[in-house]
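Numbering of the sequence shown is given in the UniProt record's numbering, commencing with residue 1 and proceeding in unit increments.
From the three backbone atoms N, C-alpha and C, an ideal C-beta is built for every residue, glycine too.
In this text the structure is predicted, and so the values were computed from the model without any measurement.
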Amino acid sequence: IAATQPSTNWHLKENAREHHTSKFSSEELIVRRGQAFTITFNGTERPEQNLIFIAETGPKPSKATKTLATFDISSTVSKEGWSAVLQSTSSNSVSISISSPHNAVIGRYRLSVQSGSSSPASLGTFVLLFNPWSSGDDVFMPNKAECEEYVLEEFGIIFAGNKNHISGFGWNFGQFQGDILNICLSILDRSLYYRQDPVTDVSHRHSPRYLGRVLSAMVNANDDQGVVLGNWSGKYEGGKNPSSWTGSGEILQSWKKSGFKPVKYGQCWVFAAVLTTVLRCLGIPTRTITNFSSAHDADGNLRVDEYYDADGNHLEKGADSVWNFHVWNESWFTRNDLGPSYSGWQVLDATPQEQSGGIYQCGPASRYAIKEGEVDLDYDVTFVFAEVNADSMYWNYDSATGKKTLIFSKSTEIGASISTKAVGRDDRVDVTSDYKYEEGSAKERDVFKKARKKLGLEDKFDPTAPKVEEIEQKPDISGKFKVAGSLEVGKDLNLLLVLENLQSDAKTVNVNMTAWSTLYTSRRVNQIWKDSISVTLAPKEEKQFPIKIKYPEYQQQLTTDKTIQVTALCHVEDGIQVLVKRNITLDNPAIDIQVLGEAKVNKEVVVEVAFTNPIDTEVKDCVLQVEGSDLLQGILELRIPPLKASETSSTKFKLIPSEAGSKHLLVNFSCDKFADIKTFKMVNVIN
């Protein structure tokens with residue numbers, strides 16, 4: 001090597017195109033493992049002669065930990081390790097094609113070259129990522145459209161609401177924007193695993209199974225000062241309400257800017273969305289999954305116990321709960337530790353619910369293992385199996401005597417309408433049958449029994465459990481709540497309580513009814529309404545009782561999750577109690593986006609957002625928040641003047657799209673009466 005430092009041409013454009021990394025806006029080479037990339041450098045006098053390349057990563061590179069590779073020029077690509085193949089030479093420069101192995105450690109590498117006995121000269125650094133397009137990689141995904149969606153797509157839809165009323169909102173994953181890749185790499189270097197043993201941690205970074213688990217711990221702040229701090233109290237002072245975020249970029253940037261202090265606040269979809277961003281950024285195909293009526297089985301007995309007092313109030317007793325919905329992730333990779341049938345989609349969950357191995361992390365749990373009840377396999381299959389399969393037990397609890405009586409149990413309640421976004425379309429796809437056999441089928445019950453047996457639960461009913469005959473006693477009446485009219489914030493809530501006498505003699509029923517505002521986790525926040533009625537039902541008679549909860553009654557009490565739980569505890573004279581309950585999620589009023597004119601790369605285009613105040617009082621403190629990858633930099637925040645009753649506001653702003661293709665604009669509107677009205681619009685940008 002000549003005395004001068006070699007200058008390197010990394011062929012950024014060509015390499016990025018070959019490696020599906022063009023969306024990163026980086027001056028540094030970003031490539032995927034198991035695939036060749038070309039570099040040209042000068043400053044070598046006789047390039048053909050014994051050039052040796054050195055690629056190294058991590059704090060103490062070594063061949064033993066596969067974090068250091070030295071390789072010379074060969075005529076063919078090595079099957080095992082790193083290799084360099086000469087492309088062309090000129091009088092003072094040389095072009096080399098460098099290949100890394102399919103199972104290389106991912107991360108930032110330093111590359112240098114040595115000629116003869118002179119000391120190595122640095123060529124610079126590059127970043128190596130997972131490669132789902134390459135058949136030798138653990139994350140190989142044969143379907144190209146799925147690679148596009150689960151690695152390259154920066155927009156997602158997260159499903160929420162409840163199983164009777166599913167809604168979806170847009171999210172800007174933004175994995176290729178700005179400094180996100182560097183932030184993702186620094187997340188790895190701040191994990192507990194790295195702090196305890198950096199050398200071993202870096203050597204494991206070839207494995208998506210290992211990194212998925214590490215990142216499920218690092219995205220929550222518990223244990224390790226990770227990215228997002230969870231808050232399910234309904235009070236969000238000192239931070240942002242979890243419902244107000246519209247993308248991961250702002251969260252990851254804030255974490256870095258604050259000197260890596262946890263960002264306040266997140267709930268399940270925030271943890272899942274941030275984990276999606278980080279894993280897609282690193283090249284692991286990932287999607288968000290929403291499970292409706294999701295069980296949090298704290299004691300691992302595959303049962304969720306819920307307690308009610310005599311008035312029908314849901315009691316905060318015991319650690320189990322059923323969430324209206326819960327969002328986690330699936331990532332796609334092979335499970336060499338378990339065997340081929342367990343490969344494919346793996347569940348990861350960054351929401352801090354229960355500890356696993358002493359810290360708040362969850363997964364990867366093979367989706368196939370969950371469906372087959374293989375709860376003894378790594379990692380955390382029991383917890384996820386319970387989330388989609390636990391039996392629900394409803395108890396009446398008398399606080400004076402401490403006595404609990406089983407009202408009823410249900411095995412078909414938990415794990416409904418498991419949902420994810422479709423590939424290449426803004427639609428919902430139901431994946432429930434990938435998690436369990438048909439509810440109520442013999443096969444589903446067999447799998448449940450197999451899981452209980454593996455956990456040593458098949459004969460050991462805990463002492464509080466009901467005796468079988470107690471469960472078998474049939475209720476005399478049945479009941480349900482029906483919705484009459486629209487479910488919208490700002491409108492009165494109209495319901496019908498329908499009671500039916502199942503017996504051939506008359507029944508007298510005393511009904512205690514309550515309505516509480518709740519978080520989406522079913523945690524009660526404020527009582528909105530209560531009432532009690534006494535009813536006589538003739539033999540086989542069905543009666544309907546209208547219930548009206550006026551907007552002013554619930555407006556102050558509603559949480560930003562906009563959920564209300566209505567219960568009716570029916571005390572049947574000389575019969576067993578019947579519990580009727582329903583979770584109601586209210587919709588926000590609509591907001592409208594119009595793109596005025598054609599959207600072209602690097603040209604201004606005007607967007608108009610309109611909102612009509614649907615209530616008969618003024619709304620104030622109105623703020624519009626707008627973001628969208630490749631449509632605008634960062635987040636645009638616009639303040640809007642107060643709106644009188646029925647008044648419409650129209651706000652215009654300009655975008656300058658930076659890239660062609662299908663892009664998504666996300667809008668979030670808030671005011672003093674309505675929190676986080678979200679919508680999105682697809683914008684087709686042309687060159």
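In the three-state DSSP reduction, glutamate 439 falls in the coil class, being neither helix nor strand. Between histidine 11 and isoleucine 39, the CB-CB gap stays under 8 Å. For leucine 12, the enclosing alpha helix (DSSP H) has its first and last residue at 12–19. For valine 381, the closest alpha carbon among the candidates Glu354, Tyr397, Thr612 and Met393 is that of Glu354.
For leucine 338, there is no enclosing alpha helix (DSSP H), as DSSP gives it neither H nor E. A residue is called buried once 16 or more other Cβ atoms fall within 10 Å of its Cβ, and glutamate 149 is buried on that count. Per DSSP, asparagine 602 has no beta-bridge partner at all.
Three or more Cβ pairs closer than 8 Å define a contact, and the region 350–368 meets that threshold against the region 379–395. Taken in chain order, the complete beta strand (DSSP E) segments of 3 residues or longer contained in the region 149–210 are 155–162 and 165–172. Here the C-alpha atom of alanine 64 lies approximately 33 Å from the C-alpha atom of lysine 256. By the neighbour-count criterion, in which 16 or more other beta carbons inside 10 Å mark a residue as buried, aspartate 398 falls on the exposed side. Contact between phenylalanine 674 and valine 619 holds: CB atoms are separated by about 7 Å, below the 8 Å threshold. Note that the C-beta distance between serine 248 and isoleucine 284 is not below 8 Å. Beta bridge pairing from DSSP links leucine 665 with Lys681.
With respect to the C-alpha of threonine 401, the residue from Phe408, Arg209, Asp309 and Asn220 having the closest C-alpha is Asp309. A contact between stretches requires three or more CB pairs, one per stretch, nearer than 8 Å, and the region 512–527 fails this requirement with the region 636–653.
Around the CB of aspartate 676, 16 or more other CB atoms lie within 10 Å, so the residue is classed as buried. The alpha-carbon of leucine 496 is positioned some 19 Å away from that of alanine 538. When DSSP states are grouped into helix, strand and coil, aspartate 320 belongs to the coil group. A direct Cα-Cα distance of roughly 8 Å separates cysteine 184 from leucine 282. As computed with DSSP, leucine 537 is found in a beta bridge with Lys507. Collapsing the DSSP output to three states places tryptophan 133 in coil. With fewer than 16 other CB atoms across the displayed protein chains lying within 10 angstroms of its CB, arginine 445 is exposed. Cβ neighbours of tryptophan 269 within its own chain (closer than 6 Å, five residues either side excluded): Ile158 and Val327.
Bounds of any beta strand (DSSP E) do not take in isoleucine 370; it lies within the alpha helix (DSSP H) bounded by 367–371. Tyrosine 554: not part of any beta strand (DSSP E); member of the alpha helix (DSSP H) spanning 551–555, first to last residue. When Leu111, Pro61 and Val151 are compared, the shortest CA-CA separation from histidine 204 is found for Pro61. The beta-carbon separation of asparagine 329 and leucine 275, rounded to 5 Å, stays under the 8 Å limit for a contact. About 6 Å separates the CB atoms of isoleucine 477 and valine 509; that is less than 8 Å, so the two are in contact. Beta-carbon to beta-carbon, glutamate 488 and aspartate 587 are separated by about 5 Å, close enough to satisfy the 8 Å threshold.
Under the 8 Å Cβ criterion, the region 227–237 does not count as touching the region 83–93, having fewer than three qualifying pairs. Rounded to the nearest angstrom, the Cβ distance from serine 504 to lysine 540 is 7 Å, consistent with a contact under 8 Å. The distance from the Cβ of alanine 36 to that of valine 77 is about 7 Å, consistent with a contact at the 8 Å cut-off. For the options Asn494, Lys543, Asp492 and Ser522, the alpha carbon positioned closest to that of lysine 507 is the one of Lys543. A straight line joining the alpha-carbon of alanine 416 with that of proline 208 spans about 29 Å. A distance of 8 Å or more separates the beta carbons of valine 304 and isoleucine 407.
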